[in-house]
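Student: Let me give you the structure first, and then I'll get to my questions.
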Amino acid sequence: MSSLPSMLNSFWLWREVYIKLGISNPAYKYWKETPNIKLNNKYLFIQKQTLPQKYDYIESKLTDLSGYLPIKFASDQLHVNEHIFSYEKMRLYKEFEYKFVADVKFVNIRKFFRENGIRVGKNSFVQLGKLEDLDLSAEAIFYKLKNDYAIVVYD
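When the letters of the sequence shown are read in order and numbered with numbering that gives the first Met the number 0, they come out as residues 0 to 154.
Here's what the structure looks like:
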């Protein structure tokens with residue numbers, strides 16, 4: 000399966016960490032043994048099991064993000080407007096599972112892929128959209144969803 004649905008399996012949302020610890024936002028910059036990633040130049044995540052020993056007690060109280068992605072990053076990766084994850088009036092909104100962590104909205108991409116039988120390779124390009132807006136080619140794998148939406152996977 001693509002790395003997309005499992006991208007955050009081994010990471011914590013930094014915002015949640017520093018709020019629960021009551022420390023300053025840039026503290027992670029001084030933790031040389033704590034790898035981090037930034038998505039959309041907005042969301043910062045730090046790797047699980049790498050917090051300084053002084054703070055590792057907090058890990059049991061943090062939210063597991065396995066299978067989830069921030070809605071802005073998910074919309075960019077699926078090449079779809081962010082509104083699909085933001086408003087209940089959107090036709091596919093209820094097809095996804097959501098979670099709020101420290102005021103950041105996440106969408107469960109892994110569950111959606113599994114429920115719809117969508118298989119993607121590690122380097123696949125994935126596009127979600129209305130049927131008439133999708134570009135199809137002979138190499139693409141097509142998955143029809145509800146309400147005139149589909150996903151196309153290009154390997």
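Positions of the beta carbon are idealized from the N, C-alpha and C atoms, including for glycine. Remember, it's a predicted structure, so these values are computed and weren't measured experimentally.
1. So if DSSP puts Val-103 in a beta bridge, which residue, or which two residues, is it bridged to?
2. Can the beta-carbon of Tyr-153 be found less than 9 Å from the beta-carbon of Leu-127?
3. By how many angstroms is the C-alpha of Ile-36 removed from the C-alpha of Leu-91?
4. Assuming Leu-50 contacts Thr-33 (C-beta within less than 8 Å), just tell me the rounded distance between them.
5. To the nearest angstrom, how far is it from the Cα of Val-16 to the Cα of Ile-57?
6. Quick check on the burial criterion: 16 or more other C-beta atoms within 10 angstroms. Buried or exposed for Leu-135?
7. Just to confirm my understanding: we take Leu-130, look at its own chain, exclude 5 residues before and 5 after, and list those with CB closer than 6 Å. What are they?
8. What does a CB cutoff of less than 7 Å around His-82 pick up in its chain, not counting 5 residues either side in sequence?
9. Beta-carbon within less than 6 Å of His-78's beta-carbon, same chain only, minus the 5 sequence neighbours each way: which residues are those?
Tutor: With the given structure in hand:
1. Bridge partners of Val-103 according to DSSP: Val-100.
2. Contact flag unset, no.
3. Cα to Cα, the separation comes out at about 29 Å.
4. Going by Cβ atoms, the distance from Leu-50 to Thr-33 rounds to 6 Å, so yes, they are a contact pair.
5. Going from the Cα of Val-16 to the Cα of Ile-57 covers about 8 Å.
6. Under a 10 Å Cβ-count criterion, Leu-135 is classified as exposed, with fewer than 16 other Cβ atoms of the shown protein chains found around its own Cβ.
7. Result list for Leu-130: Asp-147 and Ala-149, in chain order.
8. Excluding its 5 nearest sequence neighbours in each direction, His-82 has C-beta neighbours in its own chain below 7 Å: Met-89, listed in chain order.
9. Around His-78: Gln-126.
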